[in-house]
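Chemist: Position one of the sequence shown corresponds to residue 8 (this note's numbering), numbered consecutively onward.
Heads up, the beta-carbon is just placed ideally off N, CA and C, and yes, glycines get one too.
I have a structure here, written as structure tokens, and I will follow up with some questions on it.
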Amino acid sequence: MLEKMFKLNENNTNVKTEVIGGITTFMTMAYILAVNPSILSASGMNPNAIVMATALAAFIGTLCMALMANYPFALAPGLGLNAYFAYTVCGAMGYSWQFALLAVFIEGIIFIILSLTNVREAIFNAIPMQLKKGVSVGIGLFVAFIGLQNGYLVASSDSTKVTVVNFTENFHTTGICALLCFIGVMIIAVLHHKNVKGSFLIGIFATWILGIICQLTGIYVVDVETGFYSLIPTHFVSVDFSSLGETFGACFSSAATSDIKILDMIVIVFAFLFVDMFDTIGTLIGVANKADMLDEEGKLPRIKQALLADAVATSAGAVLGTSTTTTFVESSSGVSEGARTGLASVVTGLLFLLAIFFAPLFTTIPGFATAPALIFVGFLMITAVVDIDFSDATEAVPAYLCLLAMPLMYSISEGIAVGVISYVVINVCVGKAKKIHPLMYVLAVLFVLKYIFL
């Protein structure tokens with residue numbers, strides 16, 4: 008049955024590989040169960056409700072991806088847009104979180120329409136192959152940078168913006184976490200070199216266990232005020248789901264629809280729409296390229312189904328009570344373990360469903376334990392840089408600017424914007440306008456307008 012549903016042999020994979028890939032993707036994404044509530048709760052939402060909404064949205068979206076597109080891509084409420092939701096829409100603009108959920112729901116409906124009418128697929132296919140390679144490398148750098156941050160290996164600096172962490176200062180918190188993260192990277196690197204299946208998963212658990220040992224021996228010290236929590240689970244199971252009722256369907260409540268300013272709603276929906284669209288497209292390009300799923304023309308088979316699954320997940324997530332649900336770049340960790348079909352996504356989705364019951368356990372896994380996997384995934388994705396044709400500046404420079412912008416601007420969509428604009432400008436200026444896909448002109452203009460008006 009599994010062979011018929013997911014075509015395992017056709018994709019040169021097996022059940023064991025898909026299960027390991029699905030578990031690995033979940034482990035590298037599980038942090039969202041802790042991070043999303045911490046951000047969205049700033050809007051006044053119930054943190055417990057957000058945890059459950061996050062897990063359910065991830066389950067629904069990932070299952071849709073598995074059954075509709077048969078890809079090992081997992082979905083969950085995305086970082087960046089949740090901050091826009093909480094701090095801009097509900098903070099600076101003063102709207103209720105119910106209103107923000109309504110905007111996310113509308114965005115999802117628009118996405119469903121665009122997916123059914125091939126607009127998103129056309130955008131994906133219009134992006135040149137060399138630029139897609141740049142997107143893949145850029146996402147690798149972006150993921151690695153997130154890993155370095157989560158692992159406390161880099162710190163903010165007034166003079167250089169980013170610097171290496173001071174291992175001796177606050178050694179029992181920041182310092183030891185950074186050291187354990189580095190050890191985790193070394194564990195994964197050695198296991199990967201020896202072709203050990205599940206190297207990412209082993210690395211995550213090994214780093215976590217080392218952290219627990221450090222806490223028990225007093226090397227790691229719990230300091231809740233600065234964000235360093237106990238690494239030892241105190242509760243494993245929770246069966247109280249009543250808080251979800253506070254957010255479920257709230258996007259249709261009177262609090263969401265009262266005092267709506269049409270212009271504000273249009274701007275907010277467009278912002279959600281714009282960033283989500285290109286984050287998703289960028290992620291699909293990067294992960295699919297890493298898995299060698301793009302065809303000779305740089306197109307992704309079943310792209311319509313993948314984008315439709317993403318759109319359905321966004322609307323479902325809004326109804327449940329969370330910000331925009333999108334395809335996660337952490338899917339690349341499962342792909343790196345050999346996952347190639349939707350069976351891996353089924354595993355990931357089921358684990359998110361189980362996470363509703365075992366939330367206290369999964370949210371105990373510290374960021375420095377999952378960070379090594381992200382850092383090593385960055386290494387694997389950056390290898391696509393050798394496929395960029397650096398002899399042709401009209402192709403290579405936009406790809407270079409794209410891959411450079413993603414980590415430095417901390418945004419996949421901004422990197423794509425820089426790449427698209429520079430590609431159009433450079434090729435027009437050197438007299439190669441005919442090779443540019445007409446849709447690339449449209450995208451370039453829209454990106455420019457976004458910087459002017461948003």
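On the DSSP bridge assignment, give the partners of Leu82 in chain order.
Modeler: Working through the sequence shown from its first residue, we reach residue 82 at position 75. Leu82 is bridged to Thr334.
Chemist: Between the Cα of Asn16 and the Cα atoms of Phe243, Tyr38, Ala346, Ile146, which residue gives the shortest distance?
Modeler: Within the sequence shown, the letter at position 9 stands for residue 16. Answer by Cα proximity: Ala346.
Chemist: Should Asp165 go down as buried or exposed, given a rule of 16 or more other Cβ atoms within 10 Å for buried?
Modeler: On the sequence shown, residue 165 is found 158 positions in, with the first residue counted as 1. Answer is exposed; the Cβ neighbour count stays below 16.
Chemist: Check each candidate in Asn132, Lys11, Thr180, Thr355 and name the one with the smallest Cα separation from Leu301.
Modeler: The sequence position of residue 301 within the sequence shown is 294, counting from 1. Ranking Asn132, Lys11, Thr180, Thr355 by Cα distance to Leu301 puts Asn132 first.
Chemist: Could you tell me whether the segment 154-172 touches the segment 339-357, using the rule of 3 or more Cβ pairs below 8 Å?
Modeler: Flag = no, the segment 154-172 and the segment 339-357 do not touch.
Chemist: Have a look at Phe383, Ile433, Glu176, Ala325 and flag the residue whose alpha-carbon is nearest the alpha-carbon of Ile194.
Modeler: For the purposes of this step, residue 194 is taken as the residue at position 187 of the sequence shown. Closest option to Ile194, Cα to Cα, is Phe383.
Chemist: Have a look at Lys439 and Leu82 and give me their C-alpha separation to the nearest angstrom.
Modeler: For the purposes of this step, residue 439 is identified with residue 432 of the sequence shown, where counting begins at 1. For the purposes of this step, residue 82 is identified with residue 75 of the sequence shown, where counting begins at 1. Whole-angstrom Cα-Cα distance: 38 Å.
Chemist: Does the distance from the CB of Met413 to the CB of Leu148 come in under 8 Å?
Modeler: Within the sequence shown, numbered from 1, the residue matching residue 413 stands at position 406. Within the sequence shown, numbered from 1, the residue matching residue 148 stands at position 141. The answer is yes: Cβ separation under 8 Å.
Chemist: Quick check: the Cα distance between Gly85 and Leu291, rounded to an integer number of angstroms?
Modeler: Against the sequence shown, residue 85 aligns to sequence position 78. Against the sequence shown, residue 291 aligns to sequence position 284. Taking the straight line from one Cα to the other gives about 14 Å.
Chemist: Please look up how many angstroms separate the CB atoms of Ala320 and Ile67, rounded, as I've assumed it's under 8 Å.
Modeler: Within the sequence shown, the letter at position 313 stands for residue 320. Within the sequence shown, the letter at position 60 stands for residue 67. Their Cβ separation, rounded to whole angstroms, is 6 Å, which keeps Ala320 and Ile67 in contact under 8 Å.
Chemist: Among Leu186, Ala213, Leu109, which has the Cα closest to the Cα of Leu198?
Modeler: Sequence index remark: in the sequence shown, residue 198 carries index 191 (1-based). Looking at the Cα atoms, Ala213 is the closest of the given residues.
Chemist: Determine, using beta carbons only, whether Thr329 and Thr61 come nearer to each other than 8 Å.
Modeler: On the sequence shown, residue 329 is found 322 positions in, with the first residue counted as 1. On the sequence shown, residue 61 is found 54 positions in, with the first residue counted as 1. In contact: Thr329 and Thr61 (Cβ atoms closer than 8 Å).
Chemist: Give the range of the alpha helix (DSSP H) segment to which Lys11 is assigned.
Modeler: What you label residue 11 is simply residue 4 of the sequence shown in a count that begins at 1. Run containing Lys11: 9-13, per the alpha helix (DSSP H) assignment.
Chemist: Work out the CA separation of Pro79 and Thr35 for me, nearest whole Å.
Modeler: To locate residue 35, count along the sequence shown from 1; it is residue 28. To locate residue 79, count along the sequence shown from 1; it is residue 72. Distance between the alpha carbons of Thr35 and Pro79 is about 14 Å.
Chemist: So which of Gly385, Ala400, Gly374 has the shortest CA-CA distance to Leu187?
Modeler: On the sequence shown, position 180 is the one that residue 187 refers to. Closest option to Leu187, Cα to Cα, is Gly374.
Chemist: Thinking just about the alpha-carbon of each residue, which of Gly426, Lys442, Asn89, Ala64 is nearest to the one in Leu450?
Modeler: On the sequence shown, residue 450 is found 443 positions in, with the first residue counted as 1. When each option's Cα is compared against that of Leu450, the closest is Gly426.
Chemist: Provide the residue span of the alpha helix (DSSP H) that contains Thr355, from first to last.
Modeler: Sequence index remark: in the sequence shown, residue 355 carries index 348 (1-based). Residues 349-362.
Chemist: Could you tell me how far apart the beta carbons of Leu446 and Ile130 are, in whole angstroms, since I believe they sit closer than 8 Å?
Modeler: Position 439 of the sequence shown holds residue 446. Position 123 of the sequence shown holds residue 130. Contact holds; Cβ gap of about 6 Å.
Chemist: Could you please give the first and the last residue of the uninterrupted alpha helix (DSSP H) stretch that includes Ser429?
Modeler: Working through the sequence shown from its first residue, we reach residue 429 at position 422. Residues 419-436.
Chemist: Report the rounded CA-to-CA distance for Thr181 versus Leu270, giving the unit in angstroms.
Modeler: Here residue 181 corresponds to residue number 174 of the sequence shown, with the count starting at 1. Here residue 270 corresponds to residue number 263 of the sequence shown, with the count starting at 1. Cα to Cα, Thr181 sits roughly 45 Å from Leu270.
Chemist: State the Cα-Cα distance for the pair Asp399 and Glu176, rounded to the nearest angstrom.
Modeler: Mapped onto the sequence shown, residue 399 falls at position 392. Mapped onto the sequence shown, residue 176 falls at position 169. Each residue's alpha carbon lies about 47 Å from the other.
Chemist: State the CB to CB distance for the pair Val294 and Ile113, rounded to an integer number of angstroms; the pair is presumed to be in contact (CB under 8 Å).
Modeler: Within the sequence shown, residue 294 is the residue found at index 287, counting from 1. Within the sequence shown, residue 113 is the residue found at index 106, counting from 1. Contact doesn't hold; Cβ gap of about 27 Å is too wide.
Chemist: Helix, strand or coil for Ala262 per DSSP?
Modeler: For the purposes of this step, residue 262 is taken as the residue at position 255 of the sequence shown. Helix, per DSSP.
Chemist: What residues in its chain sit with their C-beta under 6 Å from that of Asp283, if we drop five residues either side in the sequence?
Modeler: For the purposes of this step, residue 283 is taken as the residue at position 276 of the sequence shown. Counting only Cβ-Cβ distances below 6 Å, and skipping sequence neighbours, we find Thr331, Thr333.
Chemist: Mind pulling the alpha helix (DSSP H) runs of 4 or more residues that sit fully within the segment 84-150?
Modeler: Counting only runs of 4 or more, we get 104-123, 126-133.
Chemist: What is the C-beta distance between Phe416 and Val150, in whole angstroms, given that I count them as a contact (C-beta under 8 Å)?
Modeler: For the purposes of this step, residue 416 is taken as the residue at position 409 of the sequence shown. For the purposes of this step, residue 150 is taken as the residue at position 143 of the sequence shown. Here the sequence assigns Met to residue 416, which means Phe is not the residue at that position. The pair is not a contact, with the Cβ atoms about 14 Å apart (cut-off 8 Å).
Chemist: Per DSSP, what kind of secondary structure is Val171 in: helix, strand or coil?
Modeler: One-based indexing of the sequence shown puts residue 171 at position 164. Three-state DSSP puts Val171 in a strand.
Chemist: For Tyr236, count the other beta carbons within 10 Å of its own beta carbon; 16 or more makes it buried, fewer makes it exposed. Which is it?
Modeler: Walking along the sequence shown from the start, residue 236 turns up at place 229. Per the 10 Å Cβ criterion, exposed.
Chemist: Under 8 Å, do Cys436 and Gly422 count as touching if we go by C-beta distance?
Modeler: For this step, residue 436 is matched to residue 429 along the sequence shown. For this step, residue 422 is matched to residue 415 along the sequence shown. Against a cut-off of 8 Å, the Cβ pair of Gly422 and Cys436 comes out as no contact.
Chemist: Between which two residues does the beta strand (DSSP E) carrying Val161 extend?
Modeler: Within the sequence shown, numbered from 1, the residue matching residue 161 stands at position 154. From DSSP, the beta strand (DSSP E) with Val161 extends over 161-164.
Chemist: By how many angstroms is the C-alpha of Met136 removed from the C-alpha of Tyr407?
Modeler: If you number the sequence shown from 1, residue 407 lands on position 400. If you number the sequence shown from 1, residue 136 lands on position 129. Distance between the alpha carbons of Tyr407 and Met136: 13 Å.
Chemist: When the Cα atoms are used, what is the spatial distance from Ser340 to Ile190?
Modeler: Along the sequence shown, one-based indexing puts residue 340 at 333. Along the sequence shown, one-based indexing puts residue 190 at 183. Spanning the two alpha carbons is a distance of roughly 18 Å.
Chemist: Identify, in the order they occur along the chain, each residue of the same chain with its Cβ nearer than 8 Å to the Cβ of Asn125, setting aside the five sequence neighbours on each side.
Modeler: Stepping through the sequence shown from its first residue, residue 125 is reached at position 118. These residues qualify, in order along the chain: Lys311.
Chemist: Figure out for me which residue from Ile27, Ala49, Phe397 has the closest Cα to the Cα of Val203.
Modeler: Locating residue 203 in the sequence shown gives position 196, where the first residue counts as 1. Answer by Cα proximity: Ile27.
Chemist: Going by Cα to Cα distance, which pick from Ala366, Ala90, Val144 is closest to Ala49?
Modeler: For the purposes of this step, residue 49 is identified with residue 42 of the sequence shown, where counting begins at 1. Cα-wise, what sits closest to Ala49 is Ala90.
Chemist: Tell me whether the beta-carbon of Ala110 lies closer than 8 Å to the beta-carbon of Phe259.
Modeler: Counting from one through the sequence shown, the residue named residue 110 turns up at place 103. Counting from one through the sequence shown, the residue named residue 259 turns up at place 252. Result no, Cβ atoms of Ala110 and Phe259 do not sit closer than 8 Å.
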